[in-house]
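Numbering (the working numbering), first residue to last: 8 to 115. For every residue, glycine included, the Cβ atom is placed at its ideal position computed from N, Cα and C. To start, the structure under review is shown below, and the notes come after it.
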């Protein structure tokens, strides 16, 4: 049996996450798994770091941590990025990112 790709793993102070971003979308949202990364569509364009700022804001908001707890470790200019998120586990990070928007708002 083949092993599953490592999308998120626990680090010393939190979780490390691999994402694949699609900037310039109509809205910012997590759309699922893309290979060995979480795919996130970003409303911001990739100009002057706006898409990276939007990614950090989105992950911090979804995980309930301050923006200062989310750091871009690799991939500043590419679609594939590695982030460190302090104060969460890999399991809780993936659960919070991949939950459906309607469930967040209490809708069924």
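Check, Outcome
"Residue 39 classed as buried or exposed, judged by whether at least 16 other C-beta atoms fall within 10 angstroms", "exposed"
"Whole-angstrom C-beta distance between residue 44 and residue 95, which should lie under 8 Å", "Actually they are not in contact, since the Cβ atoms of residue 95 and residue 44 sit about 17 Å apart, beyond 8 Å."
"Alpha-carbon spacing of residue 16 relative to residue 75, whole angstroms", "19 Å"
"Residue range of the unbroken alpha helix (DSSP H) whose run includes residue 63", "57 to 70"
"Helix, strand or coil at residue 98 [DSSP, three-state]", "helix"
"Contact check, residue 48 vs residue 72, beta carbons under 9 Å", "no"
"Three-state secondary structure (DSSP) of residue 110", "At residue 110 the pLDDT is 44, less than 50, meaning the model places this residue with poor confidence and gives no usable figure here."
"Opening and closing residue of the beta strand (DSSP E) in which residue 91 lies", "87 to 93"
"Range of the contiguous beta strand (DSSP E) that encloses residue 35", "Segment: none, residue 35 is in no beta strand (DSSP E) and carries neither H nor E."
"Secondary structure of residue 75, DSSP reduced to three states", "helix"
"Residue 103 - DSSP class collapsed to helix/strand/coil", "helix"
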